[in-house]
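Here the sequence shown is numbered in my numbering, starting from -10 and rising by one per residue. Notes to accompany the following structure.
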Amino acid sequence: MKSYFITDTGKTRTVNQDYIYSSDEPVGSLPNLYIVADGMGGYNAGDYASRCCVEEFVGQIQRSGQPTIISAMTEAVSAANAAVAGHAAENSELSGMGTTLVAAVVCSDKVYVMNVGDSRFYVIGDEIKQITVDHSYVEEMIRKGELLRKDARIHPNKNVITRAVGVEDAVEADCYEVILEENSRFLLLCTDGLTNMVEDEEIRHIVMKNADSPENALRRLVERANECGGKDNISAVIVEIKQDRN
């Protein structure tokens, strides 16, 4: 198993507020760890929030004595939330900052996923499957039947998220345990700077067309997001799954 990652400021923003962590080697008791975070806040606050969140999450994983992957990740996201909120309370320039978080750990034929916000996790093979559910205003509208999914990407409030790390005293993360099927080739963690610009099926097409070179796939995904407007920072991690993982 091997991972590849990329981050790009995009065509509109002047600061990259995304932050990536990718380790194919053990982190604490976990066999590997992949994280993407998308910060929000003022000029520097979003950048600080995403970095602080990921660094605290990883640090807590390294210190953790929790017996399961999910319990270790749950402990880590609580620590990250406290760290981001604490820094925001101590510094008025950081007030109101927060960040999304999507994290994944691959263990044999399973992947354990945690998310807060609208950064996403996909499994890609013969088809593309979005595992995470966005914590966003438009996703709630879709669930209530007030908005069609095809219209979500152009809705004026598509960037409004309903959960974030660091904005409340406690944070609720969604956790998933996914069994990887035989045709699963790649895992993708990404920010909405990619998914708001490029449709899921086109993402799958680009990844599979460049299956022999995930680095090229990542570069092409960024190029395509920028061709479509590049209205936000664009970040992604691709994890290539070995076919003999069992």
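Glycine included, each C-beta is placed from N, C-alpha and C at the ideal position. Predicted model only: the values in this text are computed from it and were never measured.
Worksheet item: Three-state secondary structure (DSSP) at L207?
Response: Helix, per DSSP.
- Rounded to a whole number of angstroms, what is the C-alpha to C-alpha distance between G48 and E171? 33 Å
According to DSSP, is K118 part of a helix, a strand, or is it coil? strand
- request: Measure the alpha-carbon distance for L176 versus Y101 and round it to whole angstroms.
  value: If you take the alpha carbons of L176 and Y101, they lie about 12 Å apart.
- prompt: When the distance is taken between beta carbons, is M62 closer than 8 Å to A26?
  reply: no
Residues bridged to K99 (per DSSP): DSSP output for K99 lists C96, I168 as bridge partner(s).
* Would you mind stating whether I227 and A214 have Cβ atoms separated by less than 8 Å? => No, Cβ-Cβ distance for I227 and A214 is not below 8 Å.
Next item on the list: Verify whether the separation of the beta carbon atoms of T121 and N148 is less than 8 Å.
Entry: N148 sits away from T121, with the two beta carbons spaced by 8 Å or more.
Can D189 be considered in contact with the ligand SAH, in the sense that its beta carbon sits closer than 7 Å to one or more heavy atoms? Of ligands this structure carries none, so the ligand SAH is not represented either.
Please classify I150 as buried or exposed, where buried requires at least 16 neighbouring CB atoms within 10 angstroms. I150 comes out buried.
### Query
Based on Cα-Cα distance, which residue from E116, A34, T88 lies nearest to E190?
E116
Nearest candidate by alpha-carbon position, reference V95, set A225, I24, I192, L183: I24
| Sufficient close CB pairs (3 or more, under 8 Å) joining the segment 209 to 224 to the segment -4 to 7 | yes
| query | Taking the alpha-carbon positions, what's the I50 to G17 distance? | reply | 6 Å
ask   = Using a beta-carbon distance below 8 Å, is K231 in contact with chain D?
value = Considering every chain present, this structure includes no chain D. It has just one protein chain.
Review point. Should the segment 71 to 86 be called in touch with the segment 155 to 168, which here means at least 3 C-beta pairs below 8 Å?
Key: Three or more pairs of CB atoms, one per stretch, sit closer than 8 Å, so the segment 71 to 86 contacts the segment 155 to 168.
Exercise for the section: Answer yes or no: do I58 and L19 have a C-beta to C-beta separation smaller than 8 Å? Expected result: yes
**Report entry** For G28, three-class secondary structure by DSSP
**Finding:** strand
Using the DSSP secondary-structure output, state which residues sit across from V112 in a beta bridge.
K118, L176
*Got a sec? Which residues, its chain only, sit under 6 Å from T3 by beta carbon, not counting five neighbours each side?*
none
Going straight from the alpha carbon of R209 to that of I195, what length do you get? 7 Å
**Asked** How many Å lie between E204 and I113 at the Cα?
**Response** 16 Å
Pull up the CB-CB distance for V66 and V127, whole angstroms please, since I reckon it's below 8 Å.
-> Contact flag wrong, Cβ pair sits at about 23 Å.
- Residues in its own chain within less than 6 Å of S11 by CB, not counting five upstream and five downstream? S(-8), F(-6), Y23, V226
> What does a CB cutoff of less than 6 Å around E45 pick up in its chain, not counting 5 residues either side in sequence?
Replying inline: Excluding residues up to 5 positions away in sequence, A68, A69, A72 lie with their Cβ nearer than 6 Å to the Cβ of E45 in the same chain.
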